[in-house]
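In this text, residue positions in the sequence shown follow the working numbering: the first is 251, and each later residue adds one.
Note that CB positions come from ideal geometry on N, CA and C, so glycine has one too.
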Amino acid sequence: MFPNLNQDQFDLSKFSDEQIMEFIKSNPELKQKYDQFLFQQKKANLQTNHLKTKPLTDSEYLKLKDIQEYLDQEGGMMIEPTPHFVLKAFDQSGEKVFFNVTSHSLVDAPEEKQLIDYNNEVGIRVPMSVGSIKEDHDVKGDTCKVIDLVINPTVATNLTQDENLKTFFCQLVQTYVDQKYKLKLQDKFISLKMKYKGKSIQFQRVKGKKPPKVQVIDEKPNQSQSAAQNHNDEEDETEQIRKRQREEFEKQSLSSQTTPVIAQEPEWELYLIYDNTELEYDGDLDFNAIKQYRFQILTPLLITGKAIKLKVDEDQFSMVAGKFYKISLKFPSKVNKASVKALFLTEKRTLWISADVNKPNEEEGNLQKENSTKDFQSHQSQSNSNYELQSNLIFDIV
């Protein structure tokens, strides 16, 4: 088929693909080498595709030298996020919705952004990947929804350390979930002491890092000067933002110096005591089986319980500790006042208040079950009444 030409005179471009393939198939030695080449090429493609499709953990992603090689045709990437904690919420019908708060470095950190709809005021954009809705069951076997959220690792760490930031984050979750799934949530969120709701962490497909917003190609001198000027303008705007933040911070610092010390509301946890177990309150309780309530109030500024004053009623109690702490809390149902005990754990700097449940009759029980759907509201007492405390009510436990 091919003429007898020297190597430097042999030009494959003069022959069609069909003619070349016929020549390869007619030559056993060439056919063997061709098959080996195809096998090696297919193997290399499979390995490359496997790396591209394998969900990357945060540590694996940070080791990548060129992320573009691992992006699919639409610019996405499969990741395996790191779990942090779980939020529990309720939709408008009362069904539970669990949010697995996870993180991955592929998700950008929050950034300042001018809001056109608000006269170009600077706002904060918090990137978040909202996963698909999964059906699951709670501890009682009731059906619930589970949604995975992926945020930047720095944001996830800050959420575990700042309750005010977590409250703001919950508001963002409400907005994002409503926008994506038209799922409206109640305002009440509960942070659970578990890292992940589900048997295994769900992989997520998220968008890869975006290229630079401005790319200058084969620029001319005057274009270079213009780009440099724009860059300086951006730096000036950034410096102005930081200057406003510093001024605001200084104002708050000066105002805080003249503000008198106000007793703060301490953090607290509620535990439900049953015959053979105790559970942290998560919005559900069985009035027929519960035996006792125990509030654990965290008071890190106290080293003893001698300064604590309590006023206990059958449905609520109030606590004041000098100028440091002040709080009023409701029991989920009425308790036996004679059974109330208070212990202060000096090592943990925590106040325990326990009370036996006052078992109601059937009519009162139904009424309490209806009231149990309402939020337990903690509020600071506005009255100046004295808090009576029996001398044997609080004991220091070392």
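DSSP links H334 through a beta bridge to no other residue. Of the candidates V400, D322, T393, the residue whose Cα lies closest to the Cα of S355 is V400. When DSSP states are grouped into helix, strand and coil, V389 belongs to the coil group. In summary, D398 is buried, with 16 or more beta-carbon neighbours lying within 10 Å of its beta-carbon over all protein chains present. For the pair of segments examined, the segment 416–432 was found to touch the segment 380–389: the number of CB pairs separated by less than 8 Å reaches three.
Q286 has its alpha-carbon roughly 31 Å from the corresponding atom of L314. With respect to E519, L548 sits close: the two C-beta atoms are nearer than 9 Å. By the criterion of a C-beta distance shorter than 6 Å, V427 is surrounded in its chain by L433, once the five residues flanking it on both sides are discounted. Spanning the alpha carbons of V357 and E413 requires a straight line of approximately 22 Å.
For the 9 Å CB-CB criterion, G533 and K390 do not form a contact.
The C-beta of H334 has 16 or more other C-beta atoms within 10 Å across all chains shown, which makes the residue buried. A distance of 9 Å or more separates the beta carbons of F340 and L422.
With a minimum length of 4 residues, the unbroken runs of alpha helix (DSSP H) contained wholly in the segment 405–457 fall at 413–431. By a beta-carbon distance limit of 8 Å, I523 does not contact Q546. Their separation comes to about 12 Å. For L601, the enclosing beta strand (DSSP E) has its first and last residue at 600–606. Between Y446 and E515, the C-beta spacing is not below 9 Å.
Beyond the five residues adjoining it in sequence on each side, I440 comes within less than 8 Å, by CB distance, of L337, K338, A339, D532, G533 in the same chain, given in chain order. The shortest CA-to-CA distance from S583 to any of A605, E330, K416 is the one to A605.
The beta carbons of L601 and A592 sit closer together than 9 Å. Annotation for M328: T303, K304, P305, L306, F453, Q454, R455 place their beta carbon closer than 8 Å to its own, counting only its chain and skipping 5 residues before and after.
Straight-line measurement puts the Cα of K556 at about 17 Å from the Cα of A513. A direct Cα-Cα distance of roughly 21 Å separates F537 from V562.
With contacts defined by Cβ atoms closer than 9 Å, K281 and I270 do not form a contacting pair. T554 is not bridged by DSSP to any residue.
Between R599 and Y521, the alpha-carbon positions lie close to 17 Å from each other. Between P377 and T352, the C-beta spacing is not below 9 Å. Counting along the chain, E528 sits inside the beta strand (DSSP E) bounded by residues 528–530. Judged by their CB atoms, S578 and F567 are nearer to each other than the 9 Å cut-off. Nearest to D322 by C-alpha distance, out of I540, G458, V585, is G458. Rounded to whole angstroms, S343 and T393 show a C-alpha spacing of 13 Å. Boundaries of the beta strand (DSSP E) harbouring Q566: 566–571, taken from the DSSP string.
Judged by their CB atoms, D565 and V585 are nearer to each other than the 9 Å cut-off.
Residue nearest to F349 within the set G572, T596, Q424, G326 is Q424 (criterion: CA-CA distance). Only residues of its own chain outside the window of five on either side were considered, and among them N350, K384, D386, V396 have a CB closer than 8 Å to the CB of G448, listed in chain order.
When secondary structure is reduced to three states using DSSP, S589 falls in the helix class.
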